[in-house]
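A.B. asks: Quick one: the structure is below, and I'll ask about it shortly.
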Amino acid sequence: MEQILNYIGGKLCAPTTGSFMNNINPATGAAYSQVADSDAADVAQAVIAAKGSFQAWSKMSLQNRAAVLMKIADLIDRDSDQLALAESIDQGKPVKLAKAVDIPRASANMRFFATASMHFASDSHLMEGEAINYTTRTPVGVVGCISPWNLPLYLFTWKIAPALAAGCSVVAKPSELTPMTAFLFSKLCIEAGLPDGVLNIVHGLGNKVGQAIIEHPEITAISFTGGTVTGKTIAATAAPMFKKLSLELGGKNPNIVFADCDFEKAVSTSIQSSFSNQGEICLCGSRILVERSLYDKFVSEFVNRTRELLVGDPLEEKTRVGALVSESHMNKVLGYIELAKQEGGKILCGGSRVKIEGRCEQGYFVAPTVIVGLDQNCRTNQEEIFGPVVTIMPFDSEEEAIGYANSNAYGLSATVWTENLTRAHRVAHQIKSGIIWVNCWLLRDLRTPFGGMKQSGVGREGGWEALRFFTEAKNVCIKL
Ligand code: NAD
């Protein structure tokens with residue numbers, strides 16, 4: 008069986024203990040490769056390699072650094088079919104989605120930050136008649152980047168690209184559930200001529216490898232994307248060490264549909280924002296709030312279209328909903344559906360595991376599920392489920408919709424459907440989320456700051472924010 012190796016000091020290598028774990032294909036339930044089960048010793052080696060490369064990498068001209076990153080982007084595009092297939096097998100997502108979204112966005116991340124770093128300017132401030140201040144920004148050093156399983160290569164590159172472009176050396180850990188594309192990526196880095204030790208990828212479990220990255224005293228900044236509970240543990244460890252921290256965490260995002268919306272666009276995009284990637288996108292709109300006068304019509308059309316979504320083998324082009332990432336995650340999602348029933352919810356469609364004939368017989372498939380009749384404050388409406396499960400609730404006024412939208416510990420994203428321009432601005436302004444989409448979903452301009460409010464995260468990534476995060480500012484004040 009293929010072994011997924013670490014990438015340390017420019018070499019692909021087995022973990023020091025020699026241990027590997029099975030890597031499961033969630034669509035079949037069978038192990039199809041083995042991933043390094045690394046520990047703190049491997050992280051320590053990665054930090055030594057990263058430190059060794061830092062001087063040369065941080066001093067390399069911006070053009071030369073950018074050229075290597077652009078080369079990696081070109082190689083991702085060259086191998087996009089292979090990467091999309093690997094991502095689909097690792098995570099269970101339809102291969103069509105991996106081809107259309109994950110892989111193109113991964114190379115876009117590399118290109119965006121490679122070129123952005125060449126336009127990154129410093130500030131200067133004149134105190135009239137007194138002094139001139141100028142601010143320099145230098146790379147922070149060796150940084151840790153930890154990513155989740157839901158958009159494996161896209162989120163991995165989202166973390167490491169700005170770090171590398173800013174001149175940092177990186178110790179990175181992809182999710183142990185979806186390590187294959189990061190492994191293929193490490194081969195592309197070697198082919199592109201990325202200097203040894205600039206990027207180190209250590210595979211393994213969160214509580215071993217991830218924790219060792221967070222605790223390592225020579226890793227000065229941590230960029231993490233994952234669950235809110237893990238984020239709390241990371242913050243508790245890193246804060247007393249005064250590390251820079253960027254945390255992109257969970258969401259329970261409202262999708263607010265006003266009666267004056269463009270109905271067709273609202274329904275069709277809401278189907279996507281509910282069930283794309285089996286609902287395993289942090290930005291999915293899992294709480295649909297519909298103005299009462301449109302409620303019955305919306306629910307009926309939404310449920311009809313949900314029933315039409317084809318759940319099936321992720322490798323088939325016609326599949327719209329693939330497998331959940333793991334058996335335990337599937338059981339968690341099914342557990343939430345049971346909870347919704349106990350809380351008085353009515354399941355309008357879905358609600359159970361789906362058995363697929365043939366090679367995917369043992370896969371972890373759950374039917375897209377629509378639940379109504381729940382109170383805003385129940386656990387089903389408050390906790391992140393992260394699966395193909397949405398609730399729909401009616402509201403009677405704009406104020407009530409905003410209240411429902413904000414009545415949650417999370418604040419990652421929100422969507423508003425209305426043709427009333429003034430209302431769109433007014434509502435967007437009052438929702439406490441890092442990004443608000445009006446009449447669209449998942450559009451991303453990489454120049455804009457990205458990140459959650461409340462328990463959805465700390466710090467902003469994207470654009471200059473990400474490059475700033477991986478640098479340290481110093482001000483020089485010159486008396487005139
Ligand atoms: P997770 O928190 O379980 O794991 C994320 C990563 O952290 C993995 O690589 C894991 O191995 C590692 N990890 C686990 N424990 C650790 C520890 N103690 N120290 C250091 N690292 C540790 O999250 P997940 O289940 O992989 O991903 C799903 C979650 O990610 C959802 O909550 C989702 O909303 C969130 N997410 C957020 C965003 C965003 O941009 N805000 C994007 C995607 C996913």
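Per this note's numbering, the sequence shown starts with residue 8, numbered consecutively. Just so you know, even glycine gets a beta-carbon here, dropped at the ideal spot from N, CA and C.
1) Do the CB positions of R475 and R144 come within less than 8 Å of each other?
2) Determine the contact status of E94 and V149, defining contact as a CB-CB distance below 8 Å.
3) Compare the C-beta of H210 with all C-beta atoms of chain B and state if any pair is closer than 8 Å.
4) Kindly examine ligand 1 and report whether one of its heavy atoms sits closer than 7 Å to the Cβ of K66.
5) Enumerate, from N- to C-terminal direction, the unbroken beta strand (DSSP E) stretches of 3 or more residues contained entirely within the stretch 259-313.
6) If you measure from the CB of N415, is any heavy atom of ligand 2 nearer than 7 Å?
7) Would a C-beta distance cut-off of 8 Å place P33 and A330 closer than the cut-off?
8) Name the DSSP bridge partner or partners of M28?
9) In three-state terms, what does DSSP make of Y371?
10) Jot down the residue ranges of each uninterrupted beta strand (DSSP E) in the stretch 330-370, minimum 3 residues, whole runs only, in chain order.
11) Considering Cα atoms alone, identify which of G410, N388, V318 and C152 is closest to G213.
12) Just to confirm before moving on: does the CB-CB distance between T185 and Q98 stay below 8 Å?
13) If we count the other Cβ atoms within 10 Å of its Cβ and call it buried at 16 or more, is R366 buried or exposed?
14) Under 7 Å: does the beta carbon of K180 sit that close to some heavy atom of ligand 1?
15) Mind checking which residues open and close the beta strand (DSSP E) that includes V75?
16) Please classify P120: does DSSP put it in a helix, a strand, or coil?
17) Would you list the residues sitting across from F457 in a DSSP beta bridge?
18) Could you work out which residue in G16, A431, I438 and I485 is closest to D203 when comparing CA atoms only?
19) Just to confirm the assignment, what range does the beta strand (DSSP E) spanning M400 have?
20) State the DSSP-derived secondary structure class of E406, mapped to helix, strand or coil.
21) Is it buried or exposed, F120, if we count other Cβ atoms within 10 angstroms and call 16 or more buried?
22) Based on Cα-Cα distance, which residue from D88, W165 and L133 lies nearest to R467?
23) Taking 8 Å as the cut-off, decide whether the C-beta atoms of I438 and A473 are in contact.
24) Going straight from the alpha carbon of A73 to that of I229, what length do you get?
25) Is L160 near C289, with beta carbons less than 8 Å apart?
26) For L296 and F163, which I take to be in contact (beta-carbon distance under 8 Å), what is that distance rounded to the nearest angstrom?
27) On the three-state DSSP scale, how would you describe S95?
28) Just checking my contact of A56 with T23 at CB under 8 Å: how many whole Å lie between their CB atoms?
29) Evaluate G25 with the Cβ neighbour count: other Cβ atoms within 10 Å of its Cβ, from every protein chain shown; 16 or more gives buried, anything less gives exposed.
30) Indicate the three-state DSSP secondary structure (helix, strand or coil) for P186 in the structure shown.
31) Any heavy atom of ligand 1 closer than 7 Å to the CB of N214?
32) Between the Cα of S176 and those of L256, H432, M67 and A128, spot the shortest distance and give me the residue it belongs to.
33) Can you tell me which of the three DSSP states Q52 falls into?
34) DSSP beta-bridge partners for S193?
35) Taking the continuous alpha helix (DSSP H) assigned at L428, which residues delimit it?
36) Is the beta carbon of V379 sitting closer than 8 Å to the one on T398?
C.D. replies: Let me spell this out:
1) In the sequence shown, the residue the question calls residue 475 occupies position 468. In the sequence shown, the residue the question calls residue 144 occupies position 137. Yes, these two residues count as a Cβ contact at 8 Å.
2) As a position in the sequence shown, residue 94 is number 87, starting the count at 1. As a position in the sequence shown, residue 149 is number 142, starting the count at 1. No, these two residues do not count as a Cβ contact at 8 Å.
3) Checking the listed chains, one finds no chain B in this structure; it contains a single protein chain.
4) Counted from its first residue, the sequence shown places residue 66 at position 59. The answer is no for K66.
5) 261-264 and 294-298
6) In the structure on display, ligand 2 does not appear, and the ligands it does have are ligand 1.
7) One-based indexing of the sequence shown puts residue 33 at position 26. One-based indexing of the sequence shown puts residue 330 at position 323. Taking 8 Å as the Cβ cut-off, P33 and A330 qualify as a contacting pair.
8) Here residue 28 corresponds to residue number 21 of the sequence shown, with the count starting at 1. In the DSSP output, where bridge partners are listed per residue, M28 has V42.
9) Translated into positions along the sequence shown, residue 371 becomes position 364. Here Y371 sits in coil by DSSP.
10) 353-356
11) As a first step, residue 213 is located in the sequence shown; it is residue number 206 there, counting from the start. Selected option, being the one with the closest Cα: C152.
12) As a working mapping, residue 185 is identified with position 178 in the sequence shown. As a working mapping, residue 98 is identified with position 91 in the sequence shown. Yes. Within cutoff.
13) Counting from one through the sequence shown, the residue named residue 366 turns up at place 359. Result: exposed.
14) Against the sequence shown, residue 180 aligns to sequence position 173. Yes, the Cβ of K180 comes within 7 Å of a heavy atom of ligand 1.
15) For this step, residue 75 is matched to residue 68 along the sequence shown. Here V75 belongs to no beta strand (DSSP E); instead the alpha helix (DSSP H) covers L69 to R85.
16) On the sequence shown, residue 120 is found 113 positions in, with the first residue counted as 1. For clarity, residue 120 is Phe in the given sequence; the question names Pro instead. Helix at F120.
17) As a first step, residue 457 is located in the sequence shown; it is residue number 450 there, counting from the start. Its beta-bridge partners are E468.
18) Along the sequence shown, read from residue 1 onward, the residue named residue 203 stands at position 196. The option with the nearest alpha carbon to D203 is G16.
19) Reading the sequence shown from its first residue, position 393 is the one you call residue 400. Here the beta strand (DSSP E) through M400 covers V396 to F402.
20) Indexing the sequence shown from 1 puts residue 406 at position 399. E406 falls in the helix class under three-state DSSP.
21) As a first step, residue 120 is located in the sequence shown; it is residue number 113 there, counting from the start. F120 comes out buried.
22) Here residue 467 is taken as the residue at index 460 of the sequence shown, counted from 1. Cα-wise, what sits closest to R467 is W165.
23) Position 431 of the sequence shown, counting from 1, holds the residue named residue 438. Position 466 of the sequence shown, counting from 1, holds the residue named residue 473. Not closer than 8 Å, so no.
24) Here residue 73 is taken as the residue at index 66 of the sequence shown, counted from 1. Here residue 229 is taken as the residue at index 222 of the sequence shown, counted from 1. Rounded to whole angstroms, A73 to I229 spans 22 Å at the Cα level.
25) Sequence index remark: in the sequence shown, residue 160 carries index 153 (1-based). Sequence index remark: in the sequence shown, residue 289 carries index 282 (1-based). Cβ distance not < 8 Å, so L160 and C289 don't count as in contact.
26) For the purposes of this step, residue 296 is taken as residue 289 along the sequence shown, with counting starting at 1. For the purposes of this step, residue 163 is taken as residue 156 along the sequence shown, with counting starting at 1. Contact flag wrong, Cβ pair sits at about 33 Å.
27) One-based indexing of the sequence shown puts residue 95 at position 88. In the structure shown, S95 sits in a helix (DSSP, three-state: H, G or I).
28) Counting from one through the sequence shown, the residue named residue 56 turns up at place 49. Counting from one through the sequence shown, the residue named residue 23 turns up at place 16. Rounded to the nearest angstrom, the Cβ distance from A56 to T23 is 14 Å, too far for a contact under 8 Å.
29) Here residue 25 is taken as the residue at index 18 of the sequence shown, counted from 1. The residue in question, G25, is exposed, as its Cβ has fewer than 16 Cβ neighbours within 10 Å.
30) One-based indexing of the sequence shown puts residue 186 at position 179. Here P186 sits in coil by DSSP.
31) Your numbering for residue 214 matches position 207 in the sequence shown. Yes, Cβ of N214 sits closer than 7 Å to a heavy atom of ligand 1.
32) As a working mapping, residue 176 is identified with position 169 in the sequence shown. When only C-alpha atoms are compared, the closest one is M67.
33) On the sequence shown, residue 52 is found 45 positions in, with the first residue counted as 1. Note: Q52 maps to helix in three-state DSSP.
34) In the sequence shown, counting from the first residue as 1, residue 193 sits at position 186. Answer is none; S193 lacks a bridge partner.
35) Within the sequence shown, residue 428 is the residue found at index 421, counting from 1. Start and end: L428 to Q437.
36) Looking up residue 379 in the sequence shown gives position 372. Looking up residue 398 in the sequence shown gives position 391. Between V379 and T398, the gap from beta carbon to beta carbon is short of 8 Å.
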